[in-house]
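So the sequence lines, in the order shown, correspond to chains A and B. Letter by letter, the first sequence follows residues 0 to 303 of numbering that gives the first Met the number 0. Letter by letter, the second sequence follows residues 0 to 244 of numbering that gives the first Met the number 0.
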Amino acid sequence: MTAVTANDVSLSWYEASARQRIDALVDAGSFSEFIGPELREISPHLSIFDLPEQFDDGIVIGRGRLDGAPVLVAAQEGRFMGGAFGEVHGAKLTGLLRAARALKQDLVILFDTGGVRLQEANAGELAIAEIMRAVIEARREGVNVVGLIGGRAGCYGGGSLIAGTCSKLIISEQGRLSVSGPEVIETNKGIEEFDSRDRALVWRTMGGKHRYLIGGADTFVDDEALAFREAAITALKVGTRCDVTVLEAEQARLERRLQRFGEAEDAVEIWQALGIDDPTDVPALPTGAFLRAATNRENADDAR
Amino acid sequence: MTLDDILTGLFPNGRKIATNGAQISGQAVLPDVGPVHVLGITQGQPLGVDEAIVLAGRVIEIVKSGDRAPILLLVDSASQHMSKRDELLGLSEYLSHLAKTLLLAEAEGHRTVGLLYGGSAAGAFIATALATGTLVALPGAHPAVMDLPSMARVTKLPIDVLKAKAEATPVFAPGLDNMVKTGGIQIVWDADAPLAPQLAAVLRQPQGQDDRSRLGANRGGRRKAAELAERIARAAASPQEARHG
Numbered sequence: 000m001t002a003v004t005a006n007d008v009s010l011s012w013y014e015a016s017a018r019q020r021i022d023a024l025v026d027a028g029s030f031s032e033f034i035g036p037e038l039r040e041i042s043p044h045l046s047i048f049d050l051p052e053q054f055d056d057g058i059v060i061g062r063g064r065l066d067g068a069p070v071l072v073a074a075q076e077g078r079f080m081g082g083a084f085g086e087v088h089g090a091k092l093t094g095l096l097r098a099a100r101a102l103k104q105d106l107v108i109l110f111d112t113g114g115v116r117l118q119e120a121n122a123g124e125l126a127i128a129e130i131m132r133a134v135i136e137a138r139r140e141g142v143n144v145v146g147l148i149g150g151r152a153g154c155y156g157g158g159s160l161i162a163g164t165c166s167k168l169i170i171s172e173q174g175r176l177s178v179s180g181p182e183v184i185e186t187n188k189g190i191e192e193f194d195s196r197d198r199a200l201v202w203r204t205m206g207g208k209h210r211y212l213i214g215g216a217d218t219f220v221d222d223e224a225l226a227f228r229e230a231a232i233t234a235l236k237v238g239t240r241c242d243v244t245v246l247e248a249e250q251a252r253l254e255r256r257l258q259r260f261g262e263a264e265d266a267v268e269i270w271q272a273l274g275i276d277d278p279t280d281v282p283a284l285p286t287g288a289f290l291r292a293a294t295n296r297e298n299a300d301d302a303r
Numbered sequence: 000m001t002l003d004d005i006l007t008g009l010f011p012n013g014r015k016i017a018t019n020g021a022q023i024s025g026q027a028v029l030p031d032v033g034p035v036h037v038l039g040i041t042q043g044q045p046l047g048v049d050e051a052i053v054l055a056g057r058v059i060e061i062v063k064s065g066d067r068a069p070i071l072l073l074v075d076s077a078s079q080h081m082s083k084r085d086e087l088l089g090l091s092e093y094l095s096h097l098a099k100t101l102l103l104a105e106a107e108g109h110r111t112v113g114l115l116y117g118g119s120a121a122g123a124f125i126a127t128a129l130a131t132g133t134l135v136a137l138p139g140a141h142p143a144v145m146d147l148p149s150m151a152r153v154t155k156l157p158i159d160v161l162k163a164k165a166e167a168t169p170v171f172a173p174g175l176d177n178m179v180k181t182g183g184i185q186i187v188w189d190a191d192a193p194l195a196p197q198l199a200a201v202l203r204q205p206q207g208q209d210d211r212s213r214l215g216a217n218r219g220g221r222r223k224a225a226e227l228a229e230r231i232a233r234a235a236a237s238p239q240e241a242r243h244g
């Protein structure tokens with residue numbers, strides 16, 4: 000038996016760097032990195048745009064232990080290029096997922112991304128497609144792939160599609176999960192469609208509380224590394240394979256969502272339909288009170 | 000080539016394909032192969048929650064039929080539907096779900112072939128064409144992550160500068176050639192030759208692993224991805240990496 004060293008570092012997930020998040024997530028001292036910054040696997044494309052490279056290309060991957068069990072970990076660094084997927088960044092996650100499948104070892108992805116890195120858009124887009132395929136191939140071998148969302152850059156664009164392939168998603172209030180970002184919608188469709196400067200609108204449309212309430216995420220946690228750690232340990236215990244039964248259940252739950260909420264103009268209407276007494280209070284509720292109010296939320300159990 | 004030209008060229012012996020808005024769905028017979036399921040998102044329309052759920056439902060029905068017949072997915076779309084409503088309802092889940100059903104179909108024995116004959120961009124491209132086992136295109140197809148004017152706005156670079164840079168690398172600019180060079184599209188068909196034998200040839204290839212990064216390396220468009228992913232898989236399997244905890 001391996002002695003489990005509890006990790007009790009107090010840390011804001013939102014404020015932390017990718018490396019700090021990993022250190023606080025896994026059992027103390029258990030992380031070892033693959034293809035670390037000393038190997039200087041940098042993006043071959045950023046210099047075309049006179050942009051600085053980073054030696055890990057904005058993603059840290061490796062192996063650690065979580066409550067004593069071996070786990071593979073990938074953490075995006077939202078402060079480098081908005082955590083966006085380029086060729087090297089994406090290939091590191093693809094390689095790790097293929098390893099997860101071969102080794103039958105669970106994997107945790109710490110999302111912090113604006114999506115595809117435009118300076119290498121084609122490579123980034125293909126990396127997203129390769130990662131989604133690798134997630135599903137790993138899950139079909141019984142591997143759990145759990146996504147954690149609570150970083151500065153949120154989980155946008157192609158990152159949000161990868162999140163949708165995970166077996167479980169853990170999110171904090173600060174986590175935002177959405178395909179098109181607020182600025183993208185406003186730029187393309189106008190400020191009448193979406194005012195990206197209306198932060199309250201952004202949070203209630205794309206933020207962690209709304210995603211948890213509609214079943215877009217499975218666990219809601221405080222913006223605390225320890226809370227993410229405990230939720231990840233729990234999430235890894237209940238895996239769902241990606242088979243026809245699960246996808247049929249997902250089909251039913253997503254159809255039901257359109258039937259129930261498809262006419263809603265705003266998140267508050269959806270929260271009201273979910274039986275929350277004071278729906279306009281939801282953004283202000285502390286975690287405990289929010290979870291009590293969320294009793295009748297939609298969930299994605301066995302349907303993701 | 001119009002959608003009708005393409006369908007007639009592929010299935011001269013008959014087809015039964017229904018149109019529902021910008022979506023098509025049905026069955027056809029491919030000469031020398033047999034029955035093929037045909038699905039499509041057409042007319043350059045965006046892909047939102049309402050469209051994705053219908054397509055995904057159709058793919059699940061096909062999988063449940065257990066006939067293991069190939070699925071041909073025709074794609075001429077815009078990007079994902081950019082709207083407050085779609086994001087409020089969780090568009091990412093709908094697009095992922097559609098991609099997952101296509102990946103499931105392949106894993107359950109259906110060959111899945113994407114045929115890009117028009118545009119496609121961003122999330123819509125990932126959820127449809129890029130979720131098939133083999134992606135082919137017709138000349139004139141125009142895949143994109145983002146158009147150059149929008150890219151110029153985001154990168155704060157003049158469009159002329161971007162165009163000049165696009166000459167030097169296939170890695171960022173939109174377009175069919177670039178998506179071929181980076182390995183996303185396996186082959187561009189010959190529009191002047193009969194189409195049916197070209198699809199039959201794709202279906203005769205053995206069903207393999209995801210070889211897009213290898214194609215990208217061979218074609219010089221993505222030199223690092225394949226090698227790096229392989230090195231990581233080796234590093235993860237190496238026993239001395241596991242002596243922790």
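C-beta atoms are modelled at their ideal positions from N, C-alpha and C, and glycine is treated no differently.
Residues of its chain near residue i, where Cβ-Cβ distance is below 8 Å and the 5 sequence neighbours each way are ignored
i	result
V153 of chain B	M145
V62 of chain B	T100, L103, A104, E107, H109
R57 of chain B	S24, L38
Neighbourhood of residue i by C-beta distance below 6 Å, restricted to the same chain and skipping five residues each side
i	result
V201 of chain A	P181
F79 of chain A	Q53, G57
D336 of chain A	No answer is possible for residue 336 of chain A: the residues shown for chain A start at 0 and end at 303.
A165 of chain B	A172
K180 of chain B	P169, R218, G220
I275 of chain A	A292
Integer-rounded CB distance, given that residue j should sit under 8 Å from residue i
i	j	result
D222 of chain A	S42 of chain A	The pair is not a contact, with the Cβ atoms about 30 Å apart (cut-off 8 Å).
R210 of chain A	L176 of chain A	5 Å
V37 of chain B	I16 of chain B	5 Å
Q104 of chain A	H44 of chain A	So it is not a contact: roughly 31 Å between Cβ atoms.
R255 of chain A	L273 of chain A	Not a contact, Cβ separation roughly 13 Å.
I184 of chain A	E191 of chain A	Incorrect: roughly 11 Å between the Cβ atoms, too far for contact.
T112 of chain A	C154 of chain A	6 Å
Unbroken beta strand (DSSP E) run spanning residue i, endpoints
i	result
S24 of chain B	22-29
N19 of chain B	14-19
V58 of chain B	Premise fails: V58 of chain B lies in the alpha helix (DSSP H), 48-64, not in any beta strand (DSSP E).
Q271 of chain A	Taken as a continuous stretch (DSSP letters only), Q271 of chain A belongs to no beta strand (DSSP E), being part of the alpha helix (DSSP H) at 266-272.
I58 of chain A	58-65
P181 of chain A	Where P181 of chain A is concerned, there is no enclosing beta strand (DSSP E), although the alpha helix (DSSP H) it sits in stretches over 181-188.
D22 of chain A	Taken as a continuous stretch (DSSP letters only), D22 of chain A belongs to no beta strand (DSSP E), being part of the alpha helix (DSSP H) at 17-24.
S212 of chain B	Taken as a continuous stretch (DSSP letters only), S212 of chain B belongs to no beta strand (DSSP E), being part of the alpha helix (DSSP H) at 211-217.
Proximity test, Cβ basis, 8 Å: residue i and chain B
i	result
Q118 of chain A	yes
T279 of chain A	no
F48 of chain A	yes
G149 of chain A	no
F54 of chain A	no
G215 of chain A	yes
L109 of chain A	no
N-terminal and C-terminal residue of the alpha helix (DSSP H) that residue i is part of
i	result
A98 of chain B	90-106
D176 of chain B	175-180
E229 of chain A	224-234
L87 of chain B	83-87
T1 of chain B	Premise fails: T1 of chain B is in no alpha helix (DSSP H) and is neither H nor E.
D159 of chain B	158-167
T127 of chain B	T127 of chain B -> no alpha helix (DSSP H), and no H or E assigned at all.
I275 of chain A	No alpha helix (DSSP H) contains I275 of chain A, which DSSP labels as neither H nor E.
F30 of chain A	Counting along the chain, F30 of chain A falls outside any alpha helix (DSSP H), and DSSP gives it neither H nor E.
Cutoff 8 Å: residue i Cβ touching any chain A Cβ
i	result
R222 of chain B	yes
P169 of chain B	yes
L236 of chain B	With the sequence shown as reference, residue 236 of chain B is identified as Ala, and Leu is not the correct amino acid for it. Yes, A236 of chain B counts as interfacial toward chain A.
A241 of chain B	Bear in mind that the predicted position of A241 of chain B carries a pLDDT of just 45, short of 50, making it unreliable; the figure below should be weighed with that in mind. It does: the Cβ of A241 of chain B has a partner Cβ on chain A nearer than 8 Å.
G25 of chain B	no
L115 of chain B	no
L129 of chain B	yes
G219 of chain B	no
Contacts around residue i, its chain only, beta-carbon distance under 7 Å, and the 5 residues preceding and following it disregarded
i	result
L96 of chain A	L106, I130, A133, V134, A137
V32 of chain B	A199, L202
E140 of chain A	R100, K103
D194 of chain A	E185, L200
request  = Mind checking the region 38-53 of chain B against chain A and listing, in chain order, the residues whose C-beta falls within less than 8 Å of any C-beta there?
outcome  = Legend: CB atoms of the region 38-53 of chain B lying less than 8 Å from CB atoms of chain A belong to residues V48, D49, I52.
ask   = Which residues, taken in chain order from the region 157-188 of chain A, show a beta carbon closer than 7 Å to some beta carbon of chain B?
value = Taking 7 Å as the cut-off between beta carbons, the residues of the region 157-188 of chain A near chain B are G157, S159, L160, A162, G163, T164, L176, S177, V178, S179, V183, I184, N187, K188, in sequence order.
task = Closer than 8 Å, Cβ to Cβ, to anything on chain B: give me those residues from the region 65-94 of chain A, in chain order.
result = G67, P69, L71, E86, V87, G89, A90, K91, T93, G94
request  = Identify each residue in the region 6-22 of chain B for which the Cβ-Cβ distance to at least one residue of chain A is less than 9 Å, and report them in chain order.
outcome  = none
request  = Taking a Cβ distance cut-off of 9 Å, strictly less, list which residues of the region 142-166 of chain B are near chain A, in chain order.
outcome  = Answer in chain order: P142, A143, V144, M145, S149, M150, R152, V153, T154, L156, K164.
query = Can you list, in chain order, the residues of the region 51-72 of chain B whose Cβ is nearer than 7 Å to any Cβ on chain A?
reply = I52, A55, G56, I59, V62, K63
query = Along the region 179-208 of chain B, what residues have a CB closer than 8 Å to any CB found in chain A?
reply = T181, G182, G183
request  = Please list the residues of the region 80-102 of chain B that have a C-beta atom closer than 9 Å to any C-beta atom in chain A, keeping them in chain order.
outcome  = H80, M81, S82, K83, R84, D85, E86, L87, L88, G89, L90, S91, E92, Y93, L94, S95, H96, A98, K99, T100, L102
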